[in-house]
Amino acid sequence: MSYDEMNSTKMDVLREIGNIGAGNATTALSVMLNSNLRLEMPVVKVLDFNEIPDLVGGADTIVAAVLTHFEGDISGMTLFILELEEAKNLIYTMLGKNDSEEFNEFDHMDKSALKEIGNILMSSYISSICTLANFHLHTDPPAICIDMAASVLSMPISELGQIGDKALIIDSKFLDNERPINGLLLFVADEDSFNHIFKSLGIGY
37 MSYDEMNSTK
47 MDVLREIGNI
57 GAGNATTALS
67 VMLNSNLRLE
77 MPVVKVLDFN
87 EIPDLVGGAD
97 TIVAAVLTHF
107 EGDISGMTLF
117 ILELEEAKNL
127 IYTMLGKNDS
137 EEFNEFDHMD
147 KSALKEIGNI
157 LMSSYISSIC
167 TLANFHLHTD
177 PPAICIDMAA
187 SVLSMPISEL
197 GQIGDKALII
207 DSKFLDNERP
217 INGLLLFVAD
227 EDSFNHIFKS
237 LGIGY
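All residue numbers for the sequence shown refer to my numbering, where the first residue is 37 and numbers rise by one.
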C-alpha cells in the first residue's frame, strides 16, 4: 500500500488519529500557555515534499521547525512547522513577553520554548497512535531549526526520499482569543509502518 493507494477509509482513520492527537495537544498547550485554546478540525492530506513549502508561504519563507524521530513497532519522523510571526506569538504567550519588545532573533530560551511546544504536539500525535494501535514507540529528543522553508525541509526530504516523495500533513489551526495560530505537522513513515498501523486497527490492505 502506497500513499497514493490510501482509500477514504484509511484517510478517515488517519484523520481521526490526528483529531485525537490534536485534541490532547490543545489541552496540554492550554495549560502550558495559560490560555483557552480552541482547535479547528485538522485538515489531513498527502502531499509531495516539493508542495509543502507553499503551505508556509513559499520556499524562501523563514520558518521555525521542530523535528523528532520515532521508532519501535513502527518508525519515521515528525516535523512541526510554524511561520516565523506565529512562532514569535507563541513564544510571547508562553514566556509572558510583551509584544512591544524589540525582537531580533530567537535566543536560547525562545528556542527551548518552541522545542517544548513542538514536542507536546508531536508526542500527542504519537501517543494517540500508540493508544489506538497498541504500539510501543519512543521518540528522540526534539531538534529545532530556524531557516528558509526549503532549507528546513532539505534534511527530511533527503533522508525520507529513500522511503518515498510524499508526506502525511496534518494542518492544524489553534485559536487563542480568536487569533489563529497555524501550524503544520508532518508525519512521515515507510509503507510497512502504515500497513502495520492499519493492520493493528483491523483495516485490510
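Every residue, glycine too, gets a C-beta built ideally from N, C-alpha and C.
This structure is a prediction, so every number in the text was calculated from the model and none was measured.
Exposure of lysine 235, with buried meaning 16 or more beta-carbon neighbours within 10 Å: Walking along the sequence shown from the start, residue 235 turns up at place 199. Lysine 235 comes out exposed.
Exposure of serine 208, with buried meaning 16 or more beta-carbon neighbours within 10 Å: For the purposes of this step, residue 208 is identified with residue 172 of the sequence shown, where counting begins at 1. Burial check for serine 208: the Cβ neighbour count within 10 Å reaches 16 or more, so the residue is buried.
Look at the alpha carbon of methionine 47 and the alpha carbon of proline 178, and state the distance between them as a whole number of angstroms. Position 11 of the sequence shown holds residue 47. Position 142 of the sequence shown holds residue 178. Approximately 27 Å between the Cα atoms of the pair.
According to DSSP, simplified to helix, strand and coil, what is aspartate 176? Walking along the sequence shown from the start, residue 176 turns up at place 140. Residue state, collapsed to three classes: coil.
Alpha carbon to alpha carbon, how far is isoleucine 182 from aspartate 228? Within the sequence shown, the letter at position 146 stands for residue 182. Within the sequence shown, the letter at position 192 stands for residue 228. Approximately 31 Å between the Cα atoms of the pair.
Between phenylalanine 85 and leucine 118, what straight-line distance do the alpha-carbon atoms span, to the nearest angstrom? Your numbering for residue 85 matches position 49 in the sequence shown. Your numbering for residue 118 matches position 82 in the sequence shown. Roughly 16 Å between the two C-alpha positions.
Note down, in chain order, each residue of its chain lying with its Cβ closer than 7 Å to the Cβ of methionine 37, except the 5 sequence neighbours on either side. Along the sequence shown, read from residue 1 onward, the residue named residue 37 stands at position 1. Any reading at methionine 37 needs caution, since the residue's pLDDT is 49, under 50, leaving its predicted position unreliable; the model's value is listed next. Answer for methionine 37: Glu227, Phe230, Asn231, Tyr241, listed in chain order.
Those residues which DSSP pairs with lysine 209 across a bridge: Taking the sequence shown and counting its residues from 1, one reaches residue 209 at position 173. In the DSSP output, where bridge partners are listed per residue, lysine 209 has Asn218.
In angstroms with no decimal places, state the Cα-to-Cα distance between alanine 185 and leucine 126. Translated into positions along the sequence shown, residue 185 becomes position 149. Translated into positions along the sequence shown, residue 126 becomes position 90. The straight-line gap from Cα to Cα measures roughly 19 Å.
Just how far apart, CA to CA, sit leucine 83 and alanine 203? Residue 83 sits at position 47 when you count from the first residue of the sequence shown. Residue 203 sits at position 167 when you count from the first residue of the sequence shown. Computed Cα separation, rounded: 6 Å.
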